[in-house]
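Chains as they are written, first to last, in the working numbering: chain A, 2 to 110; chain V, 491 to 603. Glycine included, each C-beta is placed from N, C-alpha and C at the ideal position.
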Amino acid sequence: GESVGLHLPTLSVQEGDNSIINCAYSNSASDYFIWYKQESGKGPQFIIDIRSNMDKRQGQRVTVLLNKTVKHLSLQIAATQPGDSAVYFCAEDDYKLSFGAGTTVTVRA
Amino acid sequence: NAGVTQTPKFRVLKTGQSMTLLCAQDMNHEYMYWYRQDPGMGLRLIHYSVGEGTTAKGEVPDGYNVSRLKKQNFLLGLESAAPSQTSVYFCATRRPGNTGELFFGEGSRLTVL
Numbered sequence: 002g003e004s005v006g007l008h009l010p011t012l013s014v015q016e017g018d019n020s021i022i023n024c025a026y027s028n029s030a031s032d033y034f035i036w037y038k039q040e041s042g043k044g045p046q047f048i049i050d051i052r053s054n055m056d057k058r059q060g061q062r063v064t065v066l067l068n069k070t071v072k073h074l075s076l077q078i079a080a081t082q083p084g085d086s087a088v089y090f091c092a093e094d095d096y097k098l099s100f101g102a103g104t105t106v107t108v109r110a
Numbered sequence: 491n492a493g494v495t496q497t498p499k500f501r502v503l504k505t506g507q508s509m510t511l512l513c514a515q516d517m518n519h520e521y522m523y524w525y526r527q528d529p530g531m532g533l534r535l536i537h538y539s540v541g542e543g544t545t546a547k548g549e550v551p552d553g554y555n556v557s558r559l560k561k562q563n564f565l566l567g568l569e570s571a572a573p574s575q576t577s578v579y580f581c582a583t584r585r586p587g588n589t590g591e592l593f594f595g596e597g598s599r600l601t602v603l
């Protein structure tokens with residue numbers, strides 16, 4: 002079936018630097034994508050979403066980019082902070098929501 | 491508001507035992523979901539419900555049953571637990587419509603010996 006997947010399982014970033022987390026999807030008909038953050042011992046929390054009629058959306062310190070041509074989306078975190086250490090999931094909204102395996106982000110002090 | 495509450499949070503079972511996980515929500519959401527999370531596997535959908543009295547299979551439904559007798563509750567049952575069902579289980583809810591935001595519970599860690 003269709004699936005989403007993250008490019009790298011882990012990412013180590015220096016505090017204050019920008020982080021980029023990548024995700025590929027396979028269903029070209031997907032209309033809606035969401036990013037979630039999961040801190041240790043907690044359930045995932047919504048970060049930001051984007052529809053297929055957009056190529057960029059900004060939130061507070063986060064930006065999601067969507068490239069439909071290559072079926073790729075990315076999450077950019079500006080000025081990464083220790084509190085950003087978590088597992089990040091992209092999800093493809095096919096009504097039931099399909100999640101990728103996640104990227105573990107570790108912030109170095 | 492409690493949001494999404496899962497009980498129990500931890501449970502150890504022996505192979506062949508049965509148990510039920512309860513998900514309760516106070517947000518009046520129509521849609522409810524049960525996921526399992528295993529290391530390196532992300533979140534996989536077990537079953538979901540789009541409203542009271544309805545349920546549907548997700549990606550990995552085998553070995554599980556669900557019921558949605560009341561809008562605010564979604565129960566996940568294991569009739570005969572197996573070690574392969576050792577996992578962390580998450581319940582989630584969402585509003586119907588175009589928003590994809592899921593609201594997750596804190597998770598239930600189940601170990602089957």
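Would you call the segment 86 to 103 of chain A and the segment 518 to 535 of chain V in contact, with 3 or more CB pairs under 8 Å?
-> Verdict: yes, contact present.
Give the interface partners of Y26 of chain A over in chain V, defined as CB-CB distance under 7 Å, in chain order.
-> In the first sequence, the residue the question calls residue 26 of chain A occupies position 25. Chain V residues near Y26 of chain A: none, gap ~13 Å exceeds 7 Å.
Can you name, in chain order, every residue of its own chain whose Cβ lies under 6 Å from the Cβ of G2 of chain A, other than the five neighbours on each side?
-> Position 1 of the first sequence, counting from 1, holds the residue named residue 2 of chain A. The predicted model places G2 of chain A with a pLDDT of 36, which falls under 50 and marks its position as unreliable; any figure quoted below should be read in that light. Closer than 6 Å at Cβ, skipping near neighbours: no residue.
For the ligand ATP, is there a heavy atom less than 7 Å away from the beta-carbon of Q507 of chain V?
-> This structure does not include the ligand ATP; it has no bound ligands of any sort.
Any idea if E40 of chain A is buried or exposed, counting beta-carbon neighbours within 10 angstroms, 16 or more meaning buried?
-> Position 39 of the first sequence holds residue 40 of chain A. So E40 of chain A ends up on the exposed side.
Taking the beta strand (DSSP E) that Q507 of chain V falls in, what are its first and last residues?
-> One-based indexing of the second sequence puts residue 507 of chain V at position 17. Element bounds for Q507 of chain V: n/a, residue is neither H nor E.
Below 8 Å between beta carbons: does that hold for P45 of chain A and F594 of chain V?
-> Taking the first residue of the first sequence as 1, we reach residue 45 of chain A at position 44. Taking the first residue of the second sequence as 1, we reach residue 594 of chain V at position 104. A contact, by the Cβ cut-off of 8 Å.
When you compare each of V:L603, V:Y523, V:E569 and V:E596 to G548 of chain V by their alpha carbons, which one comes out closest?
-> Counted from its first residue, the second sequence places residue 548 of chain V at position 58. The residue with the shortest Cα to Cα distance from G548 of chain V is V:Y523.
Inter-stretch contact (C-beta, 8 Å, three-pair minimum) for the segment 506 to 519 of chain V and the segment 80 to 93 of chain A | With a cut-off of 8 Å, the segment 80 to 93 of chain A and the segment 506 to 519 of chain V do not count as touching, because too few Cβ pairs lie within range.
For T64 of chain A, which residues of its own chain have a beta-carbon under 6 Å away from its beta-carbon, when the five flanking residues on both sides are left out?
-> Locating residue 64 of chain A in the first sequence gives position 63, where the first residue counts as 1. Around T64 of chain A, the same chain offers Q77 as residues with beta carbons nearer than 6 Å, after the five sequence neighbours per side are excluded.
With DSSP run on the structure shown, which of helix, strand or coil describes G532 of chain V?
-> The residue you call residue 532 of chain V lines up with position 42 of the second sequence. Annotated three-state conformation of G532 of chain V is strand, per DSSP.
Where D50 of chain A falls: helix, strand or coil (DSSP) | By one-based count along the first sequence, residue 50 of chain A stands at place 49. Strand at D50 of chain A.
Per-residue DSSP class, three states only, for Q82 of chain A = The residue labelled residue 82 of chain A in the question sits at position 81 within the first sequence. Here Q82 of chain A carries a coil assignment [DSSP, helix/strand/coil].
When the cut-off is 8 Å and only beta carbons count, does S13 of chain A lie next to chain V?
-> Locating residue 13 of chain A in the first sequence gives position 12, counting from the first residue. So, not an interface residue.
Contact residues within the segment 576 to 598 of chain V, judged by C-beta distance below 9 Å to chain A | Within the segment 576 to 598 of chain V, the residues whose Cβ lies closer than 9 Å to some Cβ of chain A are F580, C581, A582, R584, N588, T589, G590, E591, L592, F593, F594, G595, E596 and G597, listed in chain order.
G2 of chain A by DSSP, collapsed to three states: which one?
-> Reading the first sequence from its first residue, position 1 is the one you call residue 2 of chain A. Only weak support exists for where G2 of chain A lies, its pLDDT of 36 falling under 50; the coordinates are left without a value.
What residues of chain A sit near L511 of chain V, judged by a beta carbon separation below 9 Å?
-> In the second sequence, residue 511 of chain V corresponds to position 21, counting from 1. Neighbours of L511 of chain V on chain A: none; closest Cβ ~14 Å, over 9 Å.
Given R62 of chain A, which residues of its chain have a CB within under 7 Å of its CB, disregarding the five upstream and five downstream residues?
-> Here residue 62 of chain A is taken as the residue at index 61 of the first sequence, counted from 1. Same-chain partners within the cutoff: I78, A79 and A80.
Roughly how many angstroms separate the alpha carbons of R58 of chain A and G84 of chain A, rounded to a whole number?
-> In the first sequence, the residue the question calls residue 58 of chain A occupies position 57. In the first sequence, the residue the question calls residue 84 of chain A occupies position 83. Roughly 22 Å separates the two Cα atoms.
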